[in-house]
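Numbering (the numbering used here), first residue to last: 2 to 113.
These notes are about the structure you will find just below.
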């Protein structure tokens with residue numbers, strides 16, 4: 002019996018360490034991205050897809066270009082779906098060091 006209890010406790014500790022590692026990795030990524038965007042530049046991004054993710058809400062996929070290179074990113078939709086459609090253009094802030102860190106600014110829609 003004691004061997005089985007030790008094995009179960011060991012498995013629980015491994016699971017706890019794994020979960021803590023995942024949470025830490027996510028927090029570190031979020032911190033890094035926010036830090037990179039502090040000194041950001043801006044460009045224009047275009048909405049290319051609107052999708053609903055199961056139990057997570059609506060997300061948009063947008064693309065933008067920096068020095069001839071195209072970047073595609075996803076972001077949670079934080080305004081009403083009715084105000085955004087495919088092809089709409091918005092201001093995008095991006096990290097000059099690493100353009101994969103970007104944020105579409107819903108409050109700054111570009112009128113054509």
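Virtual Cβ for every residue (Gly too), placed ideally from N, Cα, C.
Item: When burial is assigned at 16 or more other CB atoms within 10 Å of the CB, is residue 58 buried or exposed?; Value: exposed
Item: Does the beta-carbon distance from residue 77 to residue 55 come in below 9 Å?; Value: no
Item: Closer than 6 Å by C-beta to residue 34: which residues in its own chain qualify, once you throw out the five before and the five after it? Chain order, please.; Value: 102
Item: Could you tell me the boundaries of the beta strand (DSSP E) in which residue 73 lies?; Value: 70-77
Item: If residue 80 sits next to residue 107, beta carbons under 8 Å apart, how far is it from one beta carbon to the other, in whole angstroms?; Value: 5 Å
Item: According to DSSP, simplified to helix, strand and coil, what is residue 81?; Value: coil
Item: By the three-class DSSP mapping on this structure, what secondary structure does residue 110 have?; Value: strand
Item: By how many angstroms is the C-alpha of residue 7 removed from the C-alpha of residue 52?; Value: 46 Å
Item: To the nearest angstrom, how far is the alpha carbon of residue 9 from that of residue 25?; Value: 24 Å
Item: Would you call the CB atoms of residue 49 and residue 72 closer than 9 Å?; Value: no
Item: Residues in the same chain with beta-carbon distance under 6 Å from residue 89, minus the five sequence neighbours each way, listed in chain order, please.; Value: 48
Item: What ranges does the beta strand (DSSP E) occupy inside the region 10-72, keeping only unbroken runs of at least 3 residues that lie completely in it?; Value: 41-54 and 58-67
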